[in-house]
Amino acid sequence: IASTLDFWEAGYWGEVMAVSAVARGLNGLVIDGCVRDADPIEELGFPVFARGLCMRGTVKGGLGELNTPIVIGDVVIQPGDIVVGDRDGVVIVPQGRVAEAIAKSRQREAHEAELMAQLRAGKTTVELLSL
């Protein structure tokens with residue numbers, strides 16, 4: 008997880024960084040900023056969640072901070088928090104709430120599976136959701 012301190016006018020992460028990350032066993036990137044080289048990164052199979060794309064590069068002038076809290080939007084992300092994501096985006100699960108998040112996710116999946124079964128059987132969302 009990386010923050011660019013609300014500067015989104017450059018692509019902070021590109022193919023070179025992605026190849027390096029894959030070689031070191033990283034599983035993906037969440038960045039509160041822009042990236043570049045989207046096609047080669049996608050071909051690597053390296054998941055990236057970013058604010059957008061920007062072809063303008065950056066100068067790597069120094070190291071950032073590691074294992075410190077980061078704020079993205081209104082979410083404070085602590086070292087050790089769990090990141091769960093898919094094509095739609097990411098969610099941060101605080102380390103102490105993982106079991107609760109798993110239980111709630113399973114409940115929601117079961118509820119939606121039942122809802123989908125009823126929709127396939129011909130019921131409408133108006134009926135099922137009391138709209």
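Here the numbering used here is used: position 130 in the sequence shown is 137, and no number is missing along the way.
Built from N, CA and C at the ideal position, the CB exists for glycine as well.
| query | result |
| --- | --- |
| Gly40 and Arg58 closer than 8 angstroms at C-beta | yes |
| Rounded separation between Gln85 and Ile8 - CA only | 10 angstroms |
| Cβ distance (whole Å) where Ala108 is taken to contact Val97 below 8 angstroms | Contact flag wrong, Cβ pair sits at about 13 angstroms. |
| Three-state class that DSSP yields for Gly97 in the structure shown | Looking at the sequence itself, residue 97 is Val, so the reference to Gly does not match. Reduced to three states, the DSSP call for Val97 is strand. |
| Helix, strand or coil at Leu36 [DSSP, three-state] | strand |
| Residue environment, Phe14, which counts as buried when at least 16 other CB atoms sit within 10 Å | exposed |
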